[in-house]
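Student: Just so we're aligned: 1576 in the working numbering is position 266 of the sequence shown, and the numbers increase by one with no gaps anywhere.
Glycine included, each C-beta is placed from N, C-alpha and C at the ideal position.
I am attaching a structure below and will ask some questions about it afterwards.
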Amino acid sequence: MNITTKEQILDILQMPKEVYRQEIMPKARQVYVENNDNAVRVAAMLGYSNVCKNQCLYCGMRAGNTQIERYRIEAKEIIALGKNAWELGLRRIFLISGEDPLYRFEEILAFVSALNEMGFFISLAAGEYHRQQYEELKAAGVDEYVMKFEMSNEAEFNRLNPSTNFKKRMQAIEEVKQSGMHLASGNIVGYPGQSLNDIAEDILLMKKLNISWAPVIPYLPAAGTPLAKEGARGDLTTNLKEISILRLMMPAINITAAQPGEDMKKGLSDVEGNFNALKAGANLFFVDMLPAAMAKNFSVIDDRLIQGLEHVYKLAEMAEMQVKL
1311 MNITTKEQIL DILQMPKEVY RQEIMPKARQ VYVENNDNAV RVAAMLGYSN
1361 VCKNQCLYCG MRAGNTQIER YRIEAKEIIA LGKNAWELGL RRIFLISGED
1411 PLYRFEEILA FVSALNEMGF FISLAAGEYH RQQYEELKAA GVDEYVMKFE
1461 MSNEAEFNRL NPSTNFKKRM QAIEEVKQSG MHLASGNIVG YPGQSLNDIA
1511 EDILLMKKLN ISWAPVIPYL PAAGTPLAKE GARGDLTTNL KEISILRLMM
1561 PAINITAAQP GEDMKKGLSD VEGNFNALKA GANLFFVDML PAAMAKNFSV
1611 IDDRLIQGLE HVYKLAEMAE MQVKL
């Protein structure tokens, strides 16, 4: 199934739920099997700081949110947690933080270098930097940089991300690509005010950017954020449709499979939500390495609840897939 135009994308986004599940979802799943190894991929994940200088209207870690306890994990502890992940058999690690102005860049280079020496494939999400710093991160061992454009609608981006702007974000994305790192990028699906046309444009932008990983999830209102007052969470079926479209358009990329289901309290580890995501063409899960006391405060969204390897193996068995650590 060759999808190349916005009209084709909109046809699927507007498709009745049952028609999508019968006609599109199986095709996306088959494309993954044919172009990959029918394996669920797993990465260790570590949110090493929940301090952020920005005021994004949808993010629970926004500077103005006083409802969470802030923390930073030092480089030596990150390295120790990385060793724990390696001993579990994990070979991919996703390091993520808010844009923390007091977390020294030299410390980031230090723990990246140490994890690189262990042999990890390293994904990093730490916000917007300068061109030279992306090059330094690449040299230290970062394989993939996560820089979400969040929404391709420039006016909406500027409204919801008042601490930066769309042109600056796209320039940062271009500089990530020029550094030689792989680019992970994507959108938020179903935030208040978003149209299906916006989502179609988002998908086309992901294709244009030649991303390596689509870290997409539906909009999930976070406590302490202005946008939470404007509307409910994004539609789960629309999110699944986007996953399938992305898989059909980009067969080899990773797509986040840690997706919510109907029960919001189960967060991103909802078995139904995760299983549906696998059927839709997603493939990437995470094992949270954060101590439990800190994990509850890494609140980009509410009720994250990332679980361990046992959960991943259970989902893989349900989907008749292997697990690749």
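(1) Thinking just about the alpha-carbon of each residue, which of Lys1517, Leu1367, Leu1600 is nearest to the one in Ala1273?
(2) Does the Cβ of Val1622 have 16 or more other Cβ atoms within 10 Å, making it buried, or fewer, making it exposed?
(3) According to DSSP, is Val1361 part of a helix, a strand, or is it coil?
(4) Is there contact between the stretch 1497-1508 and the stretch 1555-1566, where contact requires at least three CB pairs shorter than 8 Å?
(5) Could you check where the alpha helix (DSSP H) with Ile1553 kicks off and where it finishes?
(6) Tell me, please, which residues DSSP counts as bridged to Trp1523.
(7) Given a threshold of 16 other Cβ atoms within 10 Å of its Cβ, counted over all protein chains shown, does Thr1315 qualify as buried or as exposed?
(8) What does DSSP give as the partner residues of Phe1596 in its beta bridges?
(9) Just to confirm, are Leu1594 and Trp1523 a CB contact at a threshold of 8 Å?
(10) Which first and last residues belong to the alpha helix (DSSP H) in which Tyr1623 is found?
(11) Shortest alpha-carbon distance to Lys1551 belongs to which of Leu1519, Gly1374, Ala1510, Lys1518?
(12) Alpha carbon to alpha carbon, what distance is there between Phe1404 and Arg1614?
(13) Given Leu1391, which residues of its chain have a CB within under 7 Å of its CB, disregarding the five upstream and five downstream residues?
(14) For Pro1411, which residues does DSSP report across the bridge?
(15) Using a Cβ-Cβ distance under 8 Å, would Gln1318 count as near chain B?
(16) Give the secondary structure of Asp1613 by DSSP, where H, G and I count as helix, E and B as strand, and everything else as coil.
Tutor: Once the coordinates are examined:
(1) The chain is shown from 1311 up to 1635; residue 1273 falls before or after that span and cannot be answered.
(2) buried
(3) coil
(4) no
(5) 1546-1559
(6) Ala1494, Asn1564
(7) exposed
(8) Ala1353
(9) yes
(10) 1619-1628
(11) Ala1510
(12) Unreliable positioning characterises Arg1614 in this predicted model, as indicated by a pLDDT of 44, which lies under 50. The coordinate reading is nonetheless provided below. Whole-angstrom Cα-Cα distance: 16 Å.
(13) Leu1356, Met1599
(14) Answer is none; Pro1411 lacks a bridge partner.
(15) Among the protein chains of the structure shown there is no chain B, as only one such chain exists.
(16) Because Asp1613 sits at a pLDDT of 44, beneath the cut-off of 50, its placement in the model cannot be relied upon, and the point is left open.
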